[in-house]
Amino acid sequence: MLDGDGISSSDKDSLRQVALARRDALGVAERLGAARRLSELTLPIAVARGVIVSGYFPIRGEIDPMPLMHVLSDAGATLALPVVNGRGQPLVFRQWAPDAPLVRGSYGTREPVMTAPQVEPDILLVPFAAFDREGHRIGYGAGYYDRTLERLRSSKSIVAIGVGFAVQEIERVPSSEHDARLDLVLTDKEVIDLRRPS
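If you read the sequence shown in numbering that gives the first Met the number 0, its first letter stands for residue 0, the second for the next number, and so on.
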């Protein structure tokens, strides 16, 4: 089946499976080392005190962003985690601190408790199945982050940072006008700055 831009969903599915197979082949020691290296990267953007950074709770073999989030929290950032608000809806974000409890959410993830304040992030850490150096990503197919980035960018300036393993890079992600671009990608090997000059 082709979408409105002539992109076959099977093309994305095939690329997703290749990238995820490479990710799934990583061993425990490689994963722990990757999460540590991710937290040691120097970001090319300022993370001022009070900036709201949304991360994510890792599932399905995703790189663990928690060590990085602890570093950002120590630097003064306010942390948040995404909450699924219903199928086909943009994500919402609830404030979270490293010592705060989490509850079971959709798709096997963990979310802040319902009483945690809802916030709008300034910086969004975005997981992916695959990415390319044009700022395009392949997610898991539900479109949550595309819808969420579109909503956030319609009301404020945000920085979308893709986060994953270097082995998830592919040459080219088939993209359409509906796919939200990333501003940066962080991997266990490097920081890739994808922002276009204004």
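Idealized CB from N, CA, C, for every residue including glycine.
Taking Val190 as reference, the option from Tyr144, Pro43 and Arg146 with the minimal CA-CA separation is Pro43. Cα atoms of Arg93 and Gly104: separation of roughly 12 angstroms, rounded to the nearest angstrom. The alpha carbon of Lys155 has as its nearest neighbour, out of Ala28, Thr108 and Leu123, the alpha carbon of Leu123. Ile58 places its beta carbon 8 angstroms or farther from that of Asp187. The criterion of a C-beta distance shorter than 8 angstroms is satisfied by Ala129 and Gln167. With respect to Leu181, Gly138 sits apart: the two C-beta atoms are not nearer than 8 angstroms. Taking Pro89 as reference, the option from Pro111, Pro64 and Leu148 with the minimal CA-CA separation is Leu148.
When Ser153, Leu185, Asp10 and Glu110 are compared, the shortest CA-CA separation from Asn84 is found for Glu110. Each of Gly163, Arg150, Thr114 and Arg21 was checked against the Cα of Ala34, and the nearest Cα belongs to Gly163.
Taking C-beta atoms as the reference points, Pro173 and Asp10 count as a pair closer than 8 angstroms.
By the neighbour-count criterion, in which a residue is buried when 16 or more other Cβ atoms sit within 10 angstroms of its Cβ, Pro97 is exposed. With fewer than 16 other CB atoms across the displayed protein chains lying within 10 angstroms of its CB, Leu31 is exposed.
Rounded to the nearest angstrom, the gap between the Cα atoms of Leu185 and Ser38 is 10 angstroms. CA-to-CA, the gap between Glu119 and Ser53 works out to about 9 angstroms. Ranked by how close their Cα comes to the Cα of Arg195, the residues Asp73, Val158 and His177 have Val158 in first place.
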